[in-house]
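Take 11 as the starting number for the sequence shown in our numbering and just add one per residue.
Cβ atoms here follow ideal geometry from the backbone N, Cα and C, with glycine treated the same way.
Owing to the predicted nature of the structure, the values given are computational and were not obtained by experimental measurement.
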Amino acid sequence: MKPIDVSAESDLSRTRRARKMFRALQEQFPYAHCELDFTTPLELLVATILSAQTTDVGVNKVTPTLFARYPDAAAYAGADREELEELLRPTGFYRAKAKSVMTLGQALVERFDGQVPPRLEDLVTLPGVGRKTAFVVLGDAFGLPGLTVDTHFGRVVRRAGWTDLEDPVKVEHAIGEMFPRKEWTQLSHVLIFEGRRICHAKRPACGVCPIARWCPSYGAGETDPDKARKLLKFELAPGVTRPEGVPEPAAVL
Numbered sequence: 011m012k013p014i015d016v017s018a019e020s021d022l023s024r025t026r027r028a029r030k031m032f033r034a035l036q037e038q039f040p041y042a043h044c045e046l047d048f049t050t051p052l053e054l055l056v057a058t059i060l061s062a063q064t065t066d067v068g069v070n071k072v073t074p075t076l077f078a079r080y081p082d083a084a085a086y087a088g089a090d091r092e093e094l095e096e097l098l099r100p101t102g103f104y105r106a107k108a109k110s111v112m113t114l115g116q117a118l119v120e121r122f123d124g125q126v127p128p129r130l131e132d133l134v135t136l137p138g139v140g141r142k143t144a145f146v147v148l149g150d151a152f153g154l155p156g157l158t159v160d161t162h163f164g165r166v167v168r169r170a171g172w173t174d175l176e177d178p179v180k181v182e183h184a185i186g187e188m189f190p191r192k193e194w195t196q197l198s199h200v201l202i203f204e205g206r207r208i209c210h211a212k213r214p215a216c217g218v219c220p221i222a223r224w225c226p227s228y229g230a231g232e233t234d235p236d237k238a239r240k241l242l243k244f245e246l247a248p249g250v251t252r253p254e255g256v257p258e259p260a261a262v263l
């Protein structure tokens with residue numbers, strides 16, 4: 011199979027192709043979701059801040075103890091710095107992260123009565139919270155549409171030929187115009203799953219990619235199905251299996 015040529019593709023054709031790819035990714039990853047463990051908007055906000063420069067699996071190992079010790083914004087605001095740093099040490103950059111969550115707690119107490127605000131305009135004014143983090147919280151804690159343009163999202167949409175933009179905010183707007191708002195959160199989830207599990211940064215597993223037939227970058231990675239399957243990576247704890255009834259990615263047609 012050869013990669014498709016999208017050099018003369020119209021905006022409408024690109025949108026139609028992108029939607030076909032989205033549907034294929036939904037079929038491949040029907041269980042796609044936020045992989046950070048949380049029960050409240052504050053827990054998700056803190057976990058997302060901690061996920062910088064580390065994996066969600068690593069953050070999930072730390073947060074049960076963290077959330078039990080610091081149940082609300084006031085607890086973070088009044089935390090003992092050294093104790094908090096020690097709890098966050100496994101996540102890396104623990105001094106900076108401890109400072110971030112402490113100042114976050116202070117800002118929430120002083121400006122929002124200790125509650126995480128459900129508005130983008132308010133969230134991005136909080137210490138350590140940019141649009142990416144804000145959209146994670148809006149989409150998964152509040153059920154409000156948002157596009158989480160992280161490293162995986164950006165890599166997949168550029169390889170897929172949906173956009174050639176690099177700036178995350180510009181990517182967000184460009185991709186947002188191609189899909190209904192109600193699909194934005196799930197679109198983010200399946201693209202991130204695709205990027206983490208198949209469309210890797212260094213060596214994508216093209217031979218088992220569910221969107222290969224529509225991808226102009228097909229061939230950038232391993233195209234042999236058997237070899238490609240060996241490249242599959244899942245950001246899950248060792249020994250965790252795929253959800254029941256969900257097959258391994260098949261060879262591309």
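Discussion item. Please classify E53 as buried or exposed, where buried requires at least 16 other C-beta atoms within 10 Å of its C-beta.
Written reply: buried
Worksheet entry | 8 Å contact criterion, which G149 and S227 should meet: CB distance rounded | Not quite, the Cβ-Cβ distance comes to about 27 Å (not below 8 Å), so this is no contact.
Worksheet item: What is the rounded straight-line gap between the Cα of V250 and the Cα of F203?
Response: Unreliable placement is indicated for V250, whose pLDDT of 47 sits below 50; the coordinate value is still reported in the next sentence. Their Cα atoms are separated by approximately 16 Å.
Practice prompt. Since I believe V200 is in contact with C44 (beta carbons under 8 Å), could you give me their beta-carbon distance rounded to a whole number of angstroms?
Written response: Not really, about 12 Å apart at Cβ, beyond 8 Å.
Discussion item. Tell me the rounded alpha-carbon separation between K212 and R91.
Written reply: 38 Å
Worksheet item: Cα separation between R65 and R26?
Response: The residue you asked about is not Arg; residue 65 is Thr in the sequence shown. Cα-Cα distance, rounded: 33 Å.
Discussion item. I'd like to know if the segment 68-88 and the segment 104-120 are in contact, where contact means that at least 3 CB-CB pairs between them fall below 8 Å.
Written reply: yes
Worksheet item: Within the present structure, is the beta-carbon of H43 separated from the nearest heavy atom of the ligand HEM by less than 7 Å?
Response: Among the components of this structure there are no ligands whatsoever, and the ligand HEM is therefore not found.
Item to complete: Provide the residue span of the alpha helix (DSSP H) that contains K180, from first to last.
Response: 178-186
Worksheet entry | A106 versus I59 - alpha carbon distance | 11 Å
Discussion item. If you reduce the DSSP assignment to three classes, tell me which class L118 lands in.
Written reply: helix
Worksheet item: Using the rule of at least 16 other Cβ atoms within 10 Å of the residue's Cβ for burial, across every protein chain shown, is R207 buried or exposed?
Response: buried
Discussion item. On the DSSP letters alone, give me the boundaries of the alpha helix (DSSP H) that H199 sits inside.
Written reply: 194-207
Worksheet item: Buried or exposed: where does S23 fall if 16 or more other Cβ atoms within 10 Å of its Cβ makes it buried?
Response: exposed
Discussion item. Quick check: the Cα distance between L133 and P40, rounded to an integer number of angstroms?
Written reply: 29 Å
Worksheet item: Expressed to the nearest angstrom, what Euclidean distance is found between the alpha-carbon atoms of V167 and G140?
Response: 20 Å
Worksheet item: In this structure, does DSSP put D132 in helix, strand or coil?
Response: helix
Worksheet item: So V72 packs on L98, CB below 8 Å; how close in whole Å?
Response: 7 Å
Discussion item. If contacts are defined as beta-carbon pairs under 8 Å, then A238 and C216 qualify, I think. What distance do you get, rounded to the angstrom?
Written reply: 6 Å
Worksheet item: Is it true that the CB of A83 sits closer than 8 Å to the CB of G138?
Response: no
Item to complete: Would you give the residue range spanned by the alpha helix (DSSP H) that G73 belongs to?
Response: Checking the displayed sequence, the identity of residue 73 turns out to be Thr instead of Gly. 66-79 is the extent of the alpha helix (DSSP H) around T73.
Discussion item. I'd like the span of the alpha helix (DSSP H) that includes K212, first residue to last.
Written reply: Where K212 is concerned, there is no enclosing alpha helix (DSSP H), given that its DSSP letter is neither H nor E.
Discussion item. Pop quiz: W194 and M31 are said to be a contact at Cβ under 8 Å. What is the actual Cβ separation, rounded to whole angstroms?
Written reply: Incorrect: roughly 15 Å between the Cβ atoms, too far for contact.
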